[in-house]
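Shown next, in structure tokens, is the structure this report addresses.
Following this line, the structure appears as structure tokens:
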């Protein structure tokens, strides 16, 4: 996806979010026997429709009203004990005309499944809880989670945004994908919360004009003489629970009157939305910042439950320094429906097909049956597939599906971050109101592919050592494959090596003859790894001695004596001539002399028949130029001696270019290798770099 598409998607999400700012609690109208309803103003799509499909009408509101949702079907399945009764859906921040909205300027940020932090710093007991949510209809605006969520993880890619300060999550497109919620469950002592400092945020002190004057005296009488912010909130909470009646048969609010005002001073009967909206506005009238949260009630210790529409609920929360958001619920305790069917029908789950092995980051299929103990086919139950090292552990869920007519076929995938090894493949049928759950657990082996690579110079010399390093990695995640046997073949010699903690092996070898060599490395299949292999070419040549030059002849006896005598004679003659002219000679630096000579020497364009000849001629031309510039550069030098001499004359940034130029010359002049155009071009570039890095004397 290019940047323009990403921008368009993000803008669309923001516009969509703005259109949903009226997610809130509207008190207009009666409420039947449903305590708090989640009204989804859109066509409900069946669970069989494609996940990610956009709902026809993407407008959602959570409100209190007397119209039933129109469906008795469950909204979500919860796998695992959530250990809290509050499943948050959205947050109300600002109140007006009987409705809670979010602030329009709230902007979401992209969420990719990363682990999140919390703002809790004070000491408390802490549990890390993980449970699963399986939506039974396509979610479009918010994904239910719990407070202090650390991670929301999906088995497939789902594009989702989060509101950090609200701790709510909003998908871009409709989805029905199950997901796991991991959160921090804190248990603060009463002494800690009573002494905590509330964070005074003006965003959560808003009260509509006209209501504050009514609410403040009422709230002041309730909290009179109490200093602790936490205790003042608890006093308001107790007052609401003790002095108002919970019920759906409340008298409707008259037209033109605020529902909270009507509830407090006239009606005294209502639902959770009345109780907690009144609680929040009373607290705000005292300057205590509180907000409402809308969501669903769960049974904390049930390992499996279905959340029905009539479990919709509203509560409140306030932010305390070091504690984060603390939950308050002014609704009187009420009867929470128990799961139906204490005498459920027993089921038997079997896996009839599964592979003995599977690969990481690959798909595999599991098929099986779910029947009652007397052999009757079962339909509609959810089956989860887990990989477990021990049967009694939680394990990792790799797939989920639904039983139809007693059969299930589930496509599973092992994530790249799983360890290879032997596992129990567990098919777990989840219970419902009629049937109990059951398990089946054959064994399966998780393997992975490997990737081998060799790192070494592409040229070597006869009789000189060269080191070859190999690396073995897990191709699914790039992690090293440790303590596995790897073979490396050099000159028909097979060497057996063992990979270290970095997945690496190395061997040093000396080639005895010239020629092109092929070095190979391979690992065969093992219990948990598929083998891999790779090869590497290296050109082996003879490092030749330097050619004899005229300068080498002249510097040997007796020619050196003759040359010295001739030089002395020329020097004496030059002094005599200059002294007779009555003026001193002009002294030039070595580099100035060389530059003067260079002005007179034009070797013309470099002419060559092939790149081998071109590299040799290019090197020799640059060599001659340096001879004219520096006395220490002589004809008697080997290429490496020349390199050492010139290193003292160039800046550090030219060292690598010089080494490449010398190495290329040795390959071109001393071996049978055929240099490429790329090598020649690099040599030309190296000369350009060197000419710019030469240091003046």
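Residue numbers (our numbering): 34 to 730. By construction, the Cβ of each residue, glycine as well, lies at the ideal position given by its N, Cα and C atoms.
- Pairing residue 239 with residue 133, the inter-Cα distance amounts to about 11 Å.
- When 334, 251, 575 are compared, the shortest CA-CA separation from residue 497 is found for 575.
- Between the stretch 441-455 and the stretch 399-410, the count of Cβ pairs shorter than 8 Å is three or higher; the stretches touch.
- Closest in C-alpha terms to residue 725, from the list 656, 683, 714, comes 683.
- Residue 142 counts as exposed, since fewer than 16 other beta carbons sit within 10 angstroms of its beta carbon.
- For the pair of segments examined, the stretch 487-495 was found not to touch the stretch 525-532: the number of CB pairs separated by less than 8 Å stays below three.
- Collapsing the DSSP output to three states places residue 561 in coil.
- Judged by beta-carbon spacing, residue 541 lies within the 9 Å limit of residue 499, meaning their Cβ atoms are closer than that value.
- Note that the C-beta distance between residue 437 and residue 473 is not below 9 Å.
- By a beta-carbon distance limit of 8 Å, residue 314 does not contact residue 351. Their separation comes to about 13 Å.
- The beta carbon of residue 551 sits closer than 7 Å to the beta carbons of 568, 570 from its chain, once the five residues preceding and following it are set aside; these are given in chain order.
- For residue 382, the enclosing beta strand (DSSP E) begins and ends at 380-386.
- For residue 347, the pairing in a beta bridge is given by DSSP as 327.
- Remark: C-beta atoms of residue 430 and residue 165 approach each other more closely than 9 Å.
- Rounded to the nearest whole angstrom, the CA to CA distance from residue 565 to residue 513 is 14 Å.
- The closest CA to that of residue 312, considering only 273, 137, 170, 717, is found on 273.
- In this structure the stretch 250-269 does not lie against the stretch 331-347, because fewer than three pairs of beta carbons, one per stretch, are closer than 8 Å.
- The three-state reading of DSSP puts residue 293 in helix, counting H, G and I together.
- Out of 508, 324, 687, 384, the CA that lies nearest to the CA of residue 234 is found in 324.
- Restricting attention to 284, 336, 139, 288, the CA atom closest to the CA of residue 118 is found in 336.
- By alpha-carbon distance to residue 538, the top candidate from 326, 548, 553, 547 is 553.
- Between the alpha carbons of residue 197 and residue 479 lies a gap of roughly 37 Å.
- The shortest CA-to-CA distance from residue 276 to any of 286, 287, 298, 257 is the one to 298.
- The alpha-carbon of residue 266 is positioned some 48 Å away from that of residue 449.
- Counting along the chain, residue 525 sits inside no alpha helix (DSSP H), nor does DSSP assign it H or E at all.
- The C-beta separation of residue 384 from residue 460 comes to about 5 Å, placing the pair in contact by the 8 Å criterion.
- With a cutoff of 9 Å on beta-carbon distance, residue 463 and residue 417 are scored as near each other.
- For residue 673, same chain residues with a beta-carbon under 8 Å away, outside a window of 5 residues either side, are 695 in chain order.
- Residue 220 counts as exposed, since fewer than 16 other beta carbons sit within 10 angstroms of its beta carbon.
- Inter-segment contact for the stretch 714-725 and the stretch 639-655 is present: three or more beta-carbon pairs are separated by less than 8 Å.
- Excluding the 5 residues flanking it on each side, residue 706 has same chain C-beta neighbours closer than 6 Å at 572, 700, in chain order.
- When DSSP states are grouped into helix, strand and coil, residue 471 belongs to the strand group.
- Counting C-beta atoms within 10 angstroms of its own C-beta, residue 246 has fewer than 16 neighbours from the protein chains shown and is therefore classed as exposed.
- Taking a C-beta distance under 9 Å as the contact criterion, residue 284 and residue 300 qualify as a contact pair.
- Contact between residue 356 and residue 153 holds, with the beta-carbon distance rounding to 6 Å and staying under 8 Å.
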